[in-house]
Amino acid sequence: MEKKHQYQGLTKQEVEESRRLHGENILTPPEKASLWSQFLEKFNDPIIKILLVAWLLSMIIAGVHCWGPEAKGFTAFLEPIGIFFAIMLASCVGFFFELKANKAFDVLNTVNDDTFVKVIREGNICQITKKEVVVGDIVVLETGEEVPADGHLLEAISLQLNESTLTGEPIISKTTNEAEFDHEATYPSNVVMRGTTVVDGHGVMEVELVGDATGYGKVYEGSQIESDIETPLQIQLKGLAGVISKGGYTVAGLTFIALLIKLFLSSSGMPVMDLISHILNIFMIAVTLIVVSVPEGLPMSVTLSLALSMNRMLKTNNLVRKMHACETMGATTVICTDKTGTLTQNQMQVYQTNFYNLKDQQLGDDELSNLIKEGISVNSTAYLDFSEDKVKTLGNPTEAALLLWLNSQNQNYLTLREEAPVVDQLTFSTERKYMATVVKSPLLGKKVLYVKGAPEIVLANSQRVATDGTYKPVDACKAGIEKQLLDYQNQAMRTLGFAYQIIEDGQDESFFVNGRLHNTDLTYLGIVAISDPVRSDVPAAVQSCLNAGIDVKIVTGDTPGTAKEIGRQIGTWKPEDTDRNIITGPGFEALTDEEALDRVLDLKIMCRARPTDKQRLVQLLQKKGAVVAVTGDGTNDAPALKAAQVGLSMGDGTSVAKEASDITILDNSFGSITRAVMWGRSLYRNIQKFLLFQLTINVAACLIVLLGSLFGTESPLTITQMLWVNLIMDTFAAGALASLPPNERVMKDKPRRSGKDGDFIITRPMAYNIFGVGIAFVLILMGVLYYFHAQTGLTPHDLSWFFSFFVMLQFWNMFNAKAFMEGRSAFANLKESKSFLFVALLILIGQYLIVTFGGEMFNVVPLSLKDWGIIIGSSSLVLWIGEIARGIKRLTSR
């Protein structure tokens with residue numbers, strides 16, 4: 001490739017010096033956390049920390065019981081083993097599911113640094129790999145090639161770039177002519193950026209920035225910065241952990257003081273060693289209360305809920321990478337969505353054809369139809385790829401949209417193109433804004449000149465308009481055509497005008513002079529409106545989000561007009577909206593943080609946005625207390641995806657965007673995002689139901705231990721019986737309530753308040769229910785104990801009956817927990833709650849087997865069928881009272 005060129009480029013010495021000063025053209029890969037550190041991260045959960053303390057305390061209690069005066073042996077360690085099992089299960093399940101999901105994201109940097117690029121060095125064009133490009137290099141750019149670094153243009157011939165990786169926009173014209181600069185463009189018209197692709201034309205650039213210093217590099221680096229934003233659930237669980245700690249220690253402290261006073265009042269003349277032994281026993285009771293107050297099953301419930309949701313959301317095209325993202329979607333108050341590929345199909349298509357002399361805009365075999373289909377086929381540089389299930393477009397997206405329309409009319413563009421030899425051609429250029437081709441037409445048996453381009457330019461070069469079966473002068477039709485064009489432009493459509501001229505034998509064919517049309521006699525055929533259409537499911541999905549109290553903000557690199565039109569089509573931009581509701585990226589950057597904070601919640605559209613603008617928008621929204629989800633498919637979206645509480649990448653997006661996200665929407669559908677919100681809200685509700693269920697039992701257990709110690713009686717439940725109850729409260733109930741299916745009704749609720757001043761996970765109705773039902777259970781259980789004690793004393797049969805009655809109370813209360821906040825009966829939706837029913841059946845069978853065959857291990861004796869009938873029937877009053885209360889509430893709410 002020893003071709004001499006007008007540019008000299010760098011010498012070998014200058015290349016080495018530039019590399020030394022500015023570095024190599026490679027992106028620094030991120031450091032990945034080790035598997036061990038990822039596993040240890042799971043123990044940062046505030047509830048897990050409380051459990052670890054409870055486990056240590058229970059080990060102390062077990063040690064005393066094992067080798068103390070009562071010498072219970074190894075059975076004393078069953079409780080700490082149970083707590084340890086709960087800790088490890090919750091941590092390992094979370095670690096396993098996240099590890100499994102992360103395998104889908106192993107391909108991080110798909111940028112191929114070994115791709116060859118053409119540069120000019122020492123006056124010669126040569127090929128080097130992308131990573132060898134240095135600042136100061138002169139790079140030759142041609143159609144289909146990727147720009148290897150940032151720089152400014154020295155030459156630009158009909159140059160159009162696909163900037164979607166940085167701005168979301170597929171076609172941006174570039175030029176070195178200052179008079180043609182687009183001052184609203186995201187990046188200057190003479191600047192090209194790494195990672196963008198040449199769609200049409202060619203050019204020459206001088207490299208100014210390489211590697212991490214490029215815009216692409218900064219975006220990539222921004223996507224690696226770890227976000228320290230806590231999820232709403234993490235904040236609420238931290239608050240719950242604090243309340244549980246304070247509550248447990250307070251109750252334990254009061255109990256210790258009360259029992260100590262009681263001891264001292266009745267210990268006159270007691271030997272010192274006995275006194276010390278009693279004090280130690282009181283201390284153990286207080287520690288037991290702390291252990292009992294901790295909901296061991298909560299981390300497992302949260303983990304199981306998140307893990308089950310991860311798997312189920314995959315079936316609804318949501319691939320969840322980070323478990324907490326499942327629930328955080330339910331707390332979302334703002335969704336910042338990009339336009340191209342998320343709201344729209346990212347495929348330019350013909351919106352409407354307006355060929356003035358064509359009936360119903362359908363192609364036939366008449367002369368006019370032949371002119372239109374041949375003109376579109378031959379006067380084009382685009383192609384269609386039919387090798388896969390879905391037709392892919394190659395080349396200029398606008399031209400490809402015309403070929404797609406032709407294909408929908410059952411016309412083979414390639415056959416038409418190949419059968420019409422090109423005689424002469426002017427390719428499209430941004431300077432002249434049209435393309436012209438002369439071909440030998442087999443359809444008409446003559447040569448034909450076809451012209452396609454900006455409608456006003458093509459119309460200015462035409463002498464007549466083919467309309468209503470006749471030909472009219474341009475002046476007679478101009479006003480109507482301009483009105484039609486204005487209507488399309490107001491809808492943010494791209495428009496193309498078409499004209500032709502049949503060349504008679506012997507006619508002068510010198511139509512192209514100095515790269516312009518010359519001496520033509522064109523007939524104007526009509527115009528075509530082209531757009532990137534909104535996905536069919538988007539308006540309904542957006543409306544569902546708006547109904548759920550979630551703001552949807554469009555952030556795009558497109559023009560204000562296009563962004564407003566898309567907003568209008570999806571239902572976010574209303575006629576009453578003003579300039580306060582829309583802003584450009586540069587305009588947003590010019591605002592101070594105080595000014596931006598004042599406007600940020602009112603913004604509906606940010607257009608001409610750059611990656612840093614989107615990231616700043618997210619961070620300011622978070623300062624205003626919003627829980628932000630961000631959608632994006634380009635590398636430009638990565639920093640905002642990382643900064644948001646939930647980043648949602650598209651299935652066909654760049655790997656950098658996927659790596660920065662928490663959830664990948666496999667079908668690129670906004671409807672899948674709405675389903676993710678529904679899953680998140682339902683999941684949070686399931687966690688609340690589990691808390692309601694477990695804390696009710698914890699309150700009852702604490703009060704029984706407290707009252708039993710104050711009245712000097714031993715606990716009626718043994719350690720092994722308590723272990724079984726804990727298993728029901730924790731593992732089984734966690735599985736049952738975590739597996740409840742999502743409820744569409746949650747989408748009618750407003751988002752809960754998040755942050756430090758947000759809604760507490762235990763609501764006021766929950767607190768009333770927990771303490772009300774918990775105290776009621778204690779009164780019932782103490783009444784049963786008193787009755788048995790008054791009759792015959794506490795026999796093994798009575799204690800077995802009491803144990804089963806205690807378990808069945810919790811069993812029926814689990815149904816009440818299932819129905820809590822649903823406004824429906826506990827029996828509603830049972831067909832879809834198979835896991836719940838399975839767990840309920842498991843508890844019933846398990847309780848029967850333990851009481852019947854547990855013997856000495858569980859300190860029980862078998863009960864008769866009559867006993868079981870009385871136990872199940874009497875304890876079921878818990879459910880029937882709940883059903884009556886729910887029925888009355890439904891009637892009064894109507």
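881 is the number that our numbering gives to position 881 of the sequence shown; each next residue is one higher, with no gaps.
No residue lacks a Cβ here, since even glycine has one placed at the ideal position from N, Cα and C.
These numbers were taken from a predicted model, which means no experiment stands behind them.
Here residue 602 is exposed. Its C-beta has fewer than 16 other C-beta atoms within 10 Å. Under DSSP, residue 440 forms a beta bridge with 447.
In this structure residue 664 is buried. Its beta-carbon is surrounded by 16 or more other beta-carbon atoms within 10 angstroms.
The Cβ neighbour count for residue 163, taken over all protein chains shown within 10 Å, is at least 16; the residue is labelled buried. Taken in chain order, the whole beta strand (DSSP E) runs of length 3 or more contained in the segment 538-616 are 551-555, 582-584 and 605-607. About 6 Å separates the CB atoms of residue 777 and residue 809; that is less than 8 Å, so the two are in contact.
Annotation for residue 569: 534 place their beta carbon closer than 6 Å to its own, counting only its chain and skipping 5 residues before and after.
Nearest Cα to residue 151 within the set 171, 546, 214 and 437: 214. The segment 446-458 makes contact with the segment 518-531, as at least three CB pairs between them are under 8 Å.
For residue 334, same chain residues with a beta-carbon under 6 Å away, outside a window of 5 residues either side, are 551, 621, 626 and 628 in chain order. The beta carbon of residue 190 is closer than 6 Å to those of 152, 153 and 176 in its chain, skipping five residues each way along the sequence.
Using a 10 angstroms sphere on the CB of residue 890, the tally of other CB atoms stays under 16, which defines it as exposed. Listed in chain order, the alpha helix (DSSP H) elements of length 4 or more contained wholly in the segment 299-359 are 324-331. DSSP lists 392 as the bridge partner or partners of residue 385.
Bounds of any alpha helix (DSSP H) do not take in residue 410, whose DSSP letter is neither H nor E. Under the three-state reduction of DSSP, residue 264 is assigned to helix.
If you draw a straight line from the Cα of residue 10 to the Cα of residue 26, it is about 20 Å long.
Contact between residue 605 and residue 554 holds: CB atoms are separated by about 5 Å, below the 8 Å threshold. Classified as exposed, residue 880 has fewer than 16 neighbouring CB atoms from the shown chains inside 10 Å of its CB.
The Cβ atoms of residue 174 and residue 166 do not sit closer than 7 Å to each other.
Per the Cβ contact rule, the segment 431-444 is in contact with the segment 506-520 (3 or more Cβ pairs under 8 Å). For residue 473, DSSP records a beta bridge to 464. Around the beta carbon of residue 286, a 10 Å sphere encloses 16 or more other beta carbons of the protein chains shown; the residue is thus reported as buried. In this structure the segment 870-879 lies against the segment 798-817, because at least three pairs of beta carbons, one per stretch, are closer than 8 Å. Shown here, residue 270 sits in coil according to DSSP, grouped into three states, outside any helix or strand.
Of the candidates 242, 63, 848 and 608, the residue whose Cα lies closest to the Cα of residue 761 is 242. Straight-line spacing of the CA atoms in residue 609 and residue 447 works out to 47 Å.
By the criterion of a C-beta distance shorter than 8 Å, residue 116 is surrounded in its chain by 127, 128, 129 and 130, once the five residues flanking it on both sides are discounted. The segment 772-789 makes no contact with the segment 842-857, as fewer than three CB pairs between them are under 8 Å.
Leaving aside the five residues that flank residue 267 on each side, the residues in its chain whose CB is nearer than 7 Å to its CB run, in chain order, 275. Its chain contains 517 and 522 as the residues whose beta carbon lies nearer than 6 Å to that of residue 461, once the 5 sequence neighbours on both sides are disregarded; these appear in chain order. For residue 193, no beta strand (DSSP E) segment is defined, and its DSSP state is neither H nor E. Around the beta carbon of residue 272, fewer than 16 other beta carbons sit within 10 angstroms, so the residue counts as exposed.
Runs of the beta strand (DSSP E) spanning 3 or more residues and lying entirely within the segment 137-223 occur at 138-142, 150-162 and 197-209, in chain order.
Taking the C-beta atoms as reference points, residue 404 is found no nearer than 7 Å to residue 413. The count of Cβ pairs closer than 8 Å, one atom from the segment 526-541 and one from the segment 557-574, reaches three, so the stretches are in contact.
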